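Numbering (this note's numbering), first residue to last: 250 to 429.
All C-beta atoms, glycine included, are put in the ideal place defined by N, C-alpha and C.
Bear in mind the structure is a predicted one, so any value in this text is a computation, not a measurement.
Structure first, commentary second.
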């Protein structure tokens, strides 16, 4: 089965270097009938006055699980009409909570595979999550202000989660990031 997977993967490899990650690679769990492959959580970003960033979506949320790259994701879009209370530093803010849904399927870092050694290195890099407890870290958030300039936030927020036998995803709960 593994040999077939390697052959299929070798045939489907791309030389496109634009994206560092690719979807569709499940997290390996040899003891389970189903492979765990998705994290989901609600994210809000607020300042020290408890005012919330209010925009259509968060452009980029970079995650790690137990120190290993999980992927980079954007939030699901939201309707923010009527929620904006004021603008400051080219960013819209709300005094009411603004929550963003982030659905984060595992994304294996792309690797160009040409040799059997490349394939072995690729397989050794696949994240293996057995049932148990893990830590998810938000290492970076990127969003664009009203002028189109990128804002980078490095929150280093940690959230624990549990992989249960025969589950494919885990809900991390509500995660709040303080900025400014």
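Next item on the list: Out of 426, 327 and 381, state which residue places its alpha-carbon closest to the alpha-carbon of residue 390.
Entry: 426
Note to self: Can you tell me which residues form a DSSP beta bridge with residue 411?
What the structure shows: 382
Margin query: Could you pull the DSSP bridge partners for residue 317 from this structure?
Written below: 314
Note to self: Just list the residues that DSSP pairs residue 420 with in beta bridges.
What the structure shows: 289
Check: My guess is that residue 409 and residue 384 are in contact by the Cβ rule of under 8 Å, so how many angstroms apart are they, rounded?
Finding: 6 Å
Margin query: If you measure between the beta carbons of residue 376 and residue 317, is that distance less than 9 Å?
Written below: yes
Note to self: In whole angstroms, give me the CA-to-CA distance for residue 379 and residue 325.
What the structure shows: 28 Å
Margin query: Assuming contact is defined by CB atoms lying nearer than 9 Å, are residue 424 and residue 301 in contact in what I supplied?
Written below: no
Check: For the candidate residues 341, 350, 401 and 388, whose alpha-carbon lies nearest to that of residue 292?
Finding: 350
Notebook entry, point to check: Can you check whether the CB of residue 339 is closer than 9 Å to the CB of residue 382?
Noted result: no
Margin query: For residue 354, report the span of its beta strand (DSSP E) as first-last.
Written below: 349-354
Check: Is it right to say residue 335 is buried, meaning 16 or more other beta carbons lie within 10 angstroms of its own, or is it exposed?
Finding: exposed
Item checked: Residue range of the beta strand (DSSP E) that includes residue 399 -> 399-402
Next item on the list: With DSSP as the reference, label residue 275 as helix, strand or coil.
Entry: In this prediction, residue 275 has a pLDDT of 45, which is less than 50 and means its spatial position is unreliable; nothing more can be read from the coordinates.
Margin query: Between the alpha carbons of residue 421 and residue 366, how many angstroms are there, rounded?
Written below: 36 Å
Item checked: Alpha-carbon spacing of residue 357 relative to residue 320, whole angstroms -> 7 Å
Next item on the list: Compute the Euclidean distance between the alpha carbons of residue 413 and residue 284, then round it to the nearest angstrom.
Entry: 11 Å
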